[in-house]
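Report on one structure; see the data block that follows.
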Amino acid sequence: MAAERAAPGKWTITGTVLTATMMSVLDSSIVNVALPDMAGTLGATIQEITWVVTAYILSNVIIMPIIGMLSAHLGRKNIYMGSVALFTAASMACGAAHSLAIIIVFRILQGLGGGVMITVSQAILRETFPPEEQGMAMGLYGMGVVLAPAFGPTLGGWLTDTYSWPWIFYINVPIGAINLLLVQRYITDPPYLRHEKGDIDFLGVGLLTVGLGAFQLMLEKGQEKDWFDSSFISWLAAAAAVGMVLFIWRELRARHPAVNLRILRNGPFTAATSLGGILGMGLYGSLFILPLFLQNNLGYPAMKSGLALMPRSLAMAVGMPLAGRWYNRLGPRALIGSGLVVSAYSFWALGQLSPDTGFWDIFLPQLWQGVGFSLLFVALSTAALSTIERPQLTAATGLYNVVRQVFGSVGIAIAATQVTSGGSRAFATLTAHVTLYDGATRQWLAGATAAMQRLGAGPVLAREKALALLRGDLLAQAAVLAYNHVFLMIAILFVAAMPLVLLIRAGRPVEGVEIPVE
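Just so we're aligned: 413 in numbering that gives the first Met the number 0 is position 414 of the sequence shown, and the numbers increase by one with no gaps anywhere.
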């Protein structure tokens, strides 16, 4: 088999594709800490500069589903080399940009290259390792996908402080150039890849761009625009709905579709992909709100907040290779079921936070979360693709990754909205019970007022300060309750997903057999 013939050079190939994957994933988070500096240099507002992040994610998501089609028409090695070259050149251009419009254009190009690199790298790793080492291959891939965004903000902050923000892009140039040479030397098209010379489904690509692009943009900007109170968000929702419905209709009728949705007839693949979406919601949603809690509620500075999030990443770095080794012994159902249970417990534990939360209250749940995510990521990636015929492997990895990415954005949007609206609801509930008619409230205010008077405040000012202190305490309590609510929602989501485990099964692809396309 091809995987066995490639085995002698598998570690060189692994290093080549993981370098590309880590570069791409790193650039989704490395710019976050540099946005204020970029805004000052480019003369943009903070709201405008966030398009630097949005543009990259948008193009990432749009390119992933059509990589199978591009591989069939252009050759997979060709689009992989082209993506590395595009990513590297766009990185150089982003660093040299002197206006917001120019950097957004090149971030779009950079995202297109990065989306290809993430997807094709996973397919290449699947082919490079023999069947008995597939779990280990996905464990290595998972390390690249998880560790890069964890270290991105730290690396970005150091480069920005030590040099300047363009260096968060320039750092990609030498790495990308070396990676391009490695891809040229060590990556080849698989023998089963069938090249197509028919017409490209431009209509399908266009409908996908409109539908998926509008949906992703709605998720990115919804909280900022107050969701459907904004006509802009409402139009985006309408465009997303119409675009995706027409896209599905088109792809199911086309003889040579841009995205082969018929792959979803494969029940185990669809179940694993759905669970991958749930994993994305939990992972990205928690990665978004936990730093906010640490900085806004516990007063952690940015660097300390980043370090506080390290236990999860380190646990995943250790756990993923181990999960890869356990995959063949225990099977996907045992690992996925265990991963869901452990992850649900970790989110339940995070749902017990308080304004007095200490280091260990954050450390231990994250450690368990890293263990749970390790089991889930490796087993899902391996099981999802193990029943896919090799000619469809690149297309399947594109679908699998875009579902995780889009659901991750859904998770961020829901988490952000729930933290904001949940805080307001919790504050209203608390203030309804904390009134001057309540004996405990009167006693607390009397003590606080007396304390202010001992510090030199007059009776009226002391009373006002005591009331302000009470309001601040209630706001802090309400905010914590909102965060707890989100973490508990994620825990319930993981528990509710457990029946899908019964649809998961491991399998070996049948080489050279293609899923029919009518």
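No residue lacks a Cβ here, since even glycine has one placed at the ideal position from N, Cα and C.
Euclidean distance between Cα positions of residue i and residue j
i      : j      : result
PRO130 : LEU334 : 18 Å
MET217 : ALA92  : 27 Å
THR187 : GLU132 : 20 Å
LEU520 : LEU158 : Residue 520 lies beyond the range of the chain shown here (0 to 517); nothing can be said about it.
ALA453 : SER28  : Position check: residue 453 holds Arg in this sequence, whereas Ala was assumed. Using only the alpha carbons, I get a separation of about 49 Å.
ASP200 : PHE362 : 49 Å
TRP50  : TYR162 : 23 Å
LYS224 : ALA238 : 17 Å
ALA240 : GLY221 : 16 Å
GLY410 : TYR482 : 14 Å
THR13  : VAL182 : 11 Å
THR11  : TYR399 : 25 Å
LEU291 : ASN59  : 25 Å
ALA38  : VAL340 : 43 Å
VAL509 : LEU392 : Low confidence applies to VAL509: its pLDDT is 40, below 50, so where it sits in the model is not reliable enough to give any reading.
ARG332 : PRO498 : 11 Å
ALA270 : LEU282 : 18 Å
ALA427 : VAL30  : 37 Å
GLU3   : THR53  : For GLU3, the predicted structure reports a pLDDT of 42, less than 50, and the residue's modelled location is therefore unreliable. A value from the coordinates is still provided. The alpha-carbon atoms of GLU3 and THR53 are separated by roughly 41 Å.
PRO310 : GLU47  : 33 Å
Whole-number beta carbon distance between residue j and residue i, since they are thought to touch under 8 Å
i      : j      : result
LEU139 : LEU124 : 7 Å
VAL519 : ASN171 : Look at the range of the chain in this structure, 0 to 517, and you will see that residue 519 is not part of it.
VAL494 : ALA343 : 5 Å
LEU352 : VAL479 : 6 Å
GLY114 : ALA89  : That belief does not hold up - the Cβ atoms of GLY114 and ALA89 are roughly 12 Å apart, past 8 Å.
LEU429 : ALA467 : Contact doesn't hold; Cβ gap of about 16 Å is too wide.
LEU207 : ALA257 : 7 Å
ILE489 : GLY284 : 6 Å
DSSP three-state assignment for residue i, whether helix, strand or coil
i      : result
ASP355 : coil
PHE128 : coil
LYS464 : helix
SER98  : coil
LYS76  : helix
PRO189 : coil
Reference residue i, options the options, closest by Cα
i      : options                           : result
VAL377 : SER345, ILE413, VAL317 and GLN365 : VAL317
ASN77  : ARG249, ASN59 and VAL119          : VAL119
TRP359 : LEU34, LEU329, LEU206 and LEU308  : LEU308
PRO390 : TYR79, LEU17, TRP166 and ASN259   : ASN259
ALA394 : ILE56, ALA465, THR53 and ILE66    : ILE66
THR440 : ALA456, ASP472 and ILE413         : ASP472
MET137 : LEU487, GLY338, GLY323 and GLN365 : GLY323
TRP347 : PRO354, GLY336, ARG328 and GLN368 : GLN368
TRP520 : GLY212, VAL32 and ILE56           : It is not possible to answer for residue 520, since the shown part of the chain is limited to 0 through 517.
TRP248 : GLY275, GLY210 and THR20          : GLY210
LEU313 : VAL370, ALA425, THR448 and LEU474 : VAL370
ASN520 : ASP355, PHE128 and LEU245         : Lying before the first or after the last residue shown, residue 520 is absent from the chain, which here runs from 0 to 517.
Beta-carbon proximity of residue i to residue j, cut-off 9 Å
i      : j      : result
VAL401 : MET142 : no
VAL144 : ILE117 : yes
SER373 : MET315 : yes
ASP36  : TRP164 : yes
VAL418 : ILE232 : no
TYR326 : THR386 : no
ARG75  : ALA122 : yes
LEU444 : ALA431 : no
ALA496 : SER273 : yes
GLY203 : GLU126 : no
SER98  : GLU219 : no
GLY94  : ILE167 : yes
ILE518 : MET22  : Outside the displayed span of the chain (0 to 517) sits residue 518, for which this structure offers no information.
CB contact below 9 Å: residue i versus chain C
i      : result
TRP226 : In the structure shown, chain C does not exist; there is a single protein chain.
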